[in-house]
Amino acid sequence: MKNIKVLFVASEVRPYSKSGGLGDVAGSLPAALKAQGLDVRVVFPKYGNIPENHLKGMKYIGFLNTHLSWREQGASIYTIVPQDKKDVQVYMIENDYYFGRDGYYGYGDDYERFAFFSKVSLEFLTIVDFKPDIIHFNDWQTGLGCTYLRDIYRNFTFYKNMKSLFAIHNLRYQGSFEREILWSVGLNDGYFTGGSLEFYGNVSLLKAGVVHSDAVCTVSETYAQEIQTPSFGYGMDGLLRKRGEEGHLFGIVNGIDTILNDPATDPRIFANYDNKSAEETIAKKLENKHKLQEQLGLPQSNAPMLAIISRLSNQKGLDIISLSLNEILSKDIQFVLLGTGEGRYEELFRNYANNYPNKLSAQIYFNDELAQRIYASSDIFLMPSVYEPCGLGQMFAMRYGTIPIVRKTGGLADTVQHFSPETPTGNGFVFEDFVASGLMWALNQAIAYYNTPHWSVIIKNATSCDFSWNKSAATYIDLYSKLKNER
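By my numbering, the letter at position 354 of the sequence shown is numbered 340, and the numbering carries on one by one without gaps.
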C-alpha cells in the first residue's frame, strides 16, 4: 500500500485558499496520507488573493499551453518547496485570466475556468514527471477531470493506468450550466444527447465526476446512504444507487487537524487547557468565557453559553433556530453567533442582538481567531442542519469541550451520540425530526445537565473522541489500493 501515489486535485486548499469544508479537507487529508507513507501531492489554482506569507519558498517549474475548443490558454506551474519531510508537495496553476480575480467562485465562466484547471491538472504531470496511481478529484469544479482522463488522456501511455476517485463534499452544488458550454470545454454534443453529462436539460459537471470516475466517495457513511434517496439525492439518487450497486460508492467520514486545533497549544484562544480532566476543562473554559464576554461586550456570567459558527443558510437549520429564538433567549443563557450568509438571517440576528444586547452577540463576519475563541469559551454548540454531508464544526467543538446539539443526519449522525445518563455514554444531544420542538427538546436536556455531575461526564466523552485523520486516512488507503488493483 505504501507504494501508492496520489494526486489530490481541489479548487481550494487551506491555508492558501478556503471558502468552506473542502479547503479544510484538502489541507489536512493529504498530510495524513503522507504521514502513513503515501507519495501524495496536491494541485490547486493560484488565485490572485492568496496571502503573500503563504507563498514563501514558491518556485517556478514550467509553462504549458492547453486548448479548450478554439481557445488556447497558458498555465504557469509553481510549487512550494517543502521545508520539512512531513510537508506535502503542492503545485499551483497560474493563469491570471481565469484566477486573478476576487474570490473563487460565482463567475459566469466558472465552467471554463475549472475545465481549464481540470485539464491542466492532468497535463502538468508530464512536466513534473509524477505518475500517480490515483487522481483524487473533489466536487463539481474538478468533475470534468474524470471525463478528460477517461476519454482523452488514457489513450496516451503516460496516463494509461491512472484511476480516478471523485469525492462529493456537498451534492447540492452540482455545477449545472447550459448545454452550449460543452463546446467551450472541448467536448462535443454527444455528451449531452448520449446522457452522460445531461442533467434536467443542462450539463452538470458534478455528474461528469459521478459517471466517469472509477469510484465515487463522499464524506460520511450516513451521507453516502442518504444521497441514494430522493430526499437527499437532488435528482441524482438513481445514478448514485447504480454506482452503489456496482460497489463503487463509498462513505468515509472526514477528520480534523488535531494539531492545529488543540486547546493545549492553540495560540488563538485566551487560556490553554489540555483536556486531561473534565474539571480542568470546565474551569479553563470558564476563564475563556469571561474574556470572550469582555471582548464581545456581554456581561460577565457563568450561565451556559450557546454558540453558532456557521455559514448562514437554510441548510444549517437556521429556520428552526429562528422559530426558537424567543424561547431560547427567555432562558438563563448567553448566545454567540459568528458567520455570514443569506441576508434574511444576518438581519434577523442583528435585530435580536439589538433587542437582547446582554444575551446575544451577533458577529456577522468571519474571523478564524474569534472562531477558535468561541469554541474554547462556549458550552453548547448548535448545529441542527437540514442535511450535513459531514460537518466539521461539531468535531471542532468537541475537541474544545463544547457539547454539540445536532439533528440526526449525515456526518452529524456518524460523529455525535445522544447522552444517556444510565450508561453513561454519548458526547452530545441528538434530535431526529427537523422541527423547532425537536431542537428545544435537545436544548432543554443539555441545559438540565449543565452544572450537574453529568456535565463532566459528557465533556469527558466528547474530548475523548478521536477525530484525527488517522483512521479516515487508513480507510482511504484501502480504497486507493482497491482501485489501483482493479482491472
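Heads up, the beta-carbon is just placed ideally off N, CA and C, and yes, glycines get one too.
These numbers come from a predicted model, not from an experiment.
(Q) In whole angstroms, give me the CA-to-CA distance for residue 186 and residue 322. (A) Along the sequence shown, read from residue 1 onward, the residue named residue 186 stands at position 200. Along the sequence shown, read from residue 1 onward, the residue named residue 322 stands at position 336. Near 41 Å, if we compare the C-alpha coordinates of residue 322 and residue 186.
Q: Measure the alpha-carbon distance for residue 114 versus residue 170 and round it to whole angstroms.
A: Here residue 114 is taken as the residue at index 128 of the sequence shown, counted from 1. Here residue 170 is taken as the residue at index 184 of the sequence shown, counted from 1. Cα to Cα, residue 114 sits roughly 27 Å from residue 170.
Q: Find out if the Cβ-Cβ distance for the pair residue 120, residue 146 is shorter than 9 Å.
A: The residue given as residue 120 occupies position 134 in the sequence shown. The residue given as residue 146 occupies position 160 in the sequence shown. Not in contact: residue 120 and residue 146 (Cβ atoms no closer than 9 Å).
Q | residue 269 burial status per 10 Å Cβ neighbour count (16 or more: buried) | A | For this step, residue 269 is matched to residue 283 along the sequence shown. Burial call: exposed.
Q: Sort 372, 341, 291 by Cα distance to residue 395 and report the nearest one.
A: Numbered from 1 along the sequence shown, position 409 holds the residue referred to as residue 395. Of the listed residues, the one whose Cα sits closest to residue 395 is 372.
Q.
Closest to residue 237 by C-alpha separation, out of 213, 207, 261, would be which residue?
A. As a working mapping, residue 237 is identified with position 251 in the sequence shown. Sorting 213, 207, 261 by C-alpha distance to the C-alpha of residue 237 places 207 at the top.
Q. Grouping DSSP H, G and I as helix and E and B as strand, with all else coil, what is residue 107?
A. As a working mapping, residue 107 is identified with position 121 in the sequence shown. If DSSP states are grouped into helix, strand and coil, residue 107 belongs with the helices.
Q. Quick one: is residue 447 buried, meaning 16 or more other Cβ sit within 10 Å of its Cβ, or exposed?
A. As a first step, residue 447 is located in the sequence shown; it is residue number 461 there, counting from the start. Classification for residue 447: buried.
**Q.** Uninterrupted beta strand (DSSP E) stretches inside the segment 416 to 441 (no shorter than 3 residues)
**A.** Within the segment 416 to 441, no complete beta strand (DSSP E) segment of 3 residues or longer occurs.
Q: Mind reading off the beta-carbon distance from residue 24 to residue -10? Whole number of angstroms is fine, and I expect it under 8 Å.
A: As a first step, residue 24 is located in the sequence shown; it is residue number 38 there, counting from the start. As a first step, residue -10 is located in the sequence shown; it is residue number 4 there, counting from the start. Indeed they touch by this definition, with Cβ atoms about 5 Å apart.
Q. Can we say the segment 49 to 56 touches the segment 4 to 22, given the rule of at least three CB pairs closer than 8 Å?
A. Inter-segment contact for the segment 49 to 56 and the segment 4 to 22 is absent: fewer than three beta-carbon pairs are separated by less than 8 Å.
Q) Helix, strand or coil: how does DSSP classify residue 198 here? A) The residue given as residue 198 occupies position 212 in the sequence shown. Here residue 198 sits in helix by DSSP.
Q: Kindly give me the distance between the Cβ atoms of residue 14 and residue 252, rounded to whole angstroms, as I take these residues to be in contact under 8 Å.
A: Working through the sequence shown from its first residue, we reach residue 14 at position 28. Working through the sequence shown from its first residue, we reach residue 252 at position 266. About 16 Å; that fails the 8 Å criterion.
Q: Could I get the ranges of all uninterrupted alpha helix (DSSP H) runs contained in the segment 62 to 130, with 4 residues as the minimum, in chain order?
A: Within the segment 62 to 130, the complete alpha helix (DSSP H) runs of at least 4 residues are 82 to 85, 96 to 109, 111 to 114.
Q: Name the two residues that bound the continuous beta strand (DSSP E) containing residue 295.
A: Here residue 295 refers to the residue found at position 309 when the sequence shown is read from its first residue. Unbroken beta strand (DSSP E) run through residue 295: 291 to 295.
Q) In angstroms, rounded to a whole number, what distance separates the CA positions of residue 297 and residue 50? A) Translated into the one-based positions of the sequence shown, residue 297 becomes position 311. Translated into the one-based positions of the sequence shown, residue 50 becomes position 64. Just so you know, the alpha carbons of residue 297 and residue 50 end up roughly 38 Å apart.
Q: Please look up how many angstroms separate the CB atoms of residue 202 and residue 107, rounded, as I've assumed it's under 8 Å.
A: Residue 202 sits at position 216 when you count from the first residue of the sequence shown. Residue 107 sits at position 121 when you count from the first residue of the sequence shown. With a Cβ gap of about 18 Å, residue 202 and residue 107 do not count as contacting.
**Q.** Under 9 Å between C-beta atoms of residue 226 and residue 124
**A.** Here residue 226 refers to the residue found at position 240 when the sequence shown is read from its first residue. Here residue 124 refers to the residue found at position 138 when the sequence shown is read from its first residue. No, the Cβ-Cβ distance between residue 226 and residue 124 is not below 9 Å.
Q. Which one of 254, 295, 259, 196 has the shortest CA to CA distance from residue 228?
A. Here residue 228 corresponds to residue number 242 of the sequence shown, with the count starting at 1. The candidate whose alpha carbon is nearest that of residue 228 is 196.
Q) For residue 59, which option in 68, 79, 369 has the closest C-alpha, if you only look at C-alpha atoms? A) The count along the sequence shown starts at 1 and reaches residue 59 at position 73. With distances taken between Cα atoms, residue 59 lies closest to 79.
(Q) For residue 154, which residues in the same chain have their Cβ closer than 6 Å to its Cβ, ignoring the five residues on either side in sequence? (A) Here residue 154 corresponds to residue number 168 of the sequence shown, with the count starting at 1. Excluding five sequence positions before and after residue 154, the CB atoms of its chain that fall closer than 6 Å to its own CB belong to 204, given in chain order.
Q | Distance, residue 161 Cα to residue 320 Cα | A | Counting from one through the sequence shown, the residue named residue 320 turns up at place 334. Counting from one through the sequence shown, the residue named residue 161 turns up at place 175. Spanning the two alpha carbons is a distance of roughly 40 Å.
Q.
Could you tell me which whole beta strand (DSSP E) segments of length 3 or greater appear in the segment 295 to 349?
A. Counting only runs of 3 or more, we get 320 to 324, 346 to 349.
Q.
Taking the straight line between their C-alpha atoms, what separation do you get for residue 352 and residue 326?
A. For the purposes of this step, residue 352 is taken as residue 366 along the sequence shown, with counting starting at 1. For the purposes of this step, residue 326 is taken as residue 340 along the sequence shown, with counting starting at 1. If I take the Cα positions, the gap works out to 7 Å.
Q. What whole-angstrom Cβ distance do residue 168 and residue 177 have, given they're in contact under 8 Å?
A. Looking up residue 168 in the sequence shown gives position 182. Looking up residue 177 in the sequence shown gives position 191. The beta-carbon distance between residue 168 and residue 177, rounded to whole angstroms, is 6 Å. This is short enough to meet the 8 Å contact definition.
Q) Can you give the beta carbon distance from residue 393 to residue 370, rounded, assuming they're within the 8 Å contact cut? A) In the sequence shown, the residue the question calls residue 393 occupies position 407. In the sequence shown, the residue the question calls residue 370 occupies position 384. With 8 Å as the limit, residue 393 and residue 370 qualify as a contact, their Cβ atoms being about 5 Å apart.
Q: State the DSSP-derived secondary structure class of residue 403, mapped to helix, strand or coil.
A: For the purposes of this step, residue 403 is taken as the residue at position 417 of the sequence shown. Coil at residue 403, not helix or strand.
**Q.** Beta-carbon proximity check, residue 469 vs residue 200, cutoff 9 Å
**A.** The residue you call residue 469 lines up with position 483 of the sequence shown. The residue you call residue 200 lines up with position 214 of the sequence shown. Against a cut-off of 9 Å, the Cβ pair of residue 200 and residue 469 comes out as a contact.
Q. Quick one, are the C-beta atoms of residue 141 and residue 165 less than 9 Å apart?
A. What you label residue 141 is simply residue 155 of the sequence shown in a count that begins at 1. What you label residue 165 is simply residue 179 of the sequence shown in a count that begins at 1. No. Outside cutoff.
Q. Roughly how many angstroms lie between the CA atoms of residue 466 and residue 318, to the nearest whole one?
A. Within the sequence shown, residue 466 is the residue found at index 480, counting from 1. Within the sequence shown, residue 318 is the residue found at index 332, counting from 1. Inter-residue distance for residue 466 and residue 318 is about 51 Å (C-alpha atoms, whole angstroms).
Q. Can at least three beta-carbon pairs, one atom from the segment 406 to 425 and one from the segment 210 to 220, be found at a separation below 8 Å?
A. Verdict: no, contact absent.
Q) On the premise that residue 384 lies in contact with residue 449, defined as a C-beta separation below 8 Å, what is that separation, rounded to the nearest angstrom? A) Counting from one through the sequence shown, the residue named residue 449 turns up at place 463. Counting from one through the sequence shown, the residue named residue 384 turns up at place 398. Right, their Cβ atoms sit about 7 Å apart.
Q | Element boundaries [alpha helix (DSSP H), containing residue 354] | A | Against the sequence shown, residue 354 aligns to sequence position 368. Here the alpha helix (DSSP H) through residue 354 covers 354 to 363.
Q | CA-to-CA distance, residue 435 to residue 408, given in whole angstroms | A | On the sequence shown, residue 408 is found 422 positions in, with the first residue counted as 1. On the sequence shown, residue 435 is found 449 positions in, with the first residue counted as 1. Each residue's Cα considered, the two are about 13 Å apart.
Q: Kindly list the residues whose CB is nearer than 6 Å to the CB of residue 374, restricted to its own chain and excluding five residues on each side of it in sequence; keep chain order.
A: In the sequence shown, residue 374 corresponds to position 388, counting from 1. Within the same chain, residue 374 has close Cβ partners 395, 396, 397, 398.
Q) Quick one: is residue 245 buried, meaning 16 or more other Cβ sit within 10 Å of its Cβ, or exposed? A) Working through the sequence shown from its first residue, we reach residue 245 at position 259. Exposed is the call here.
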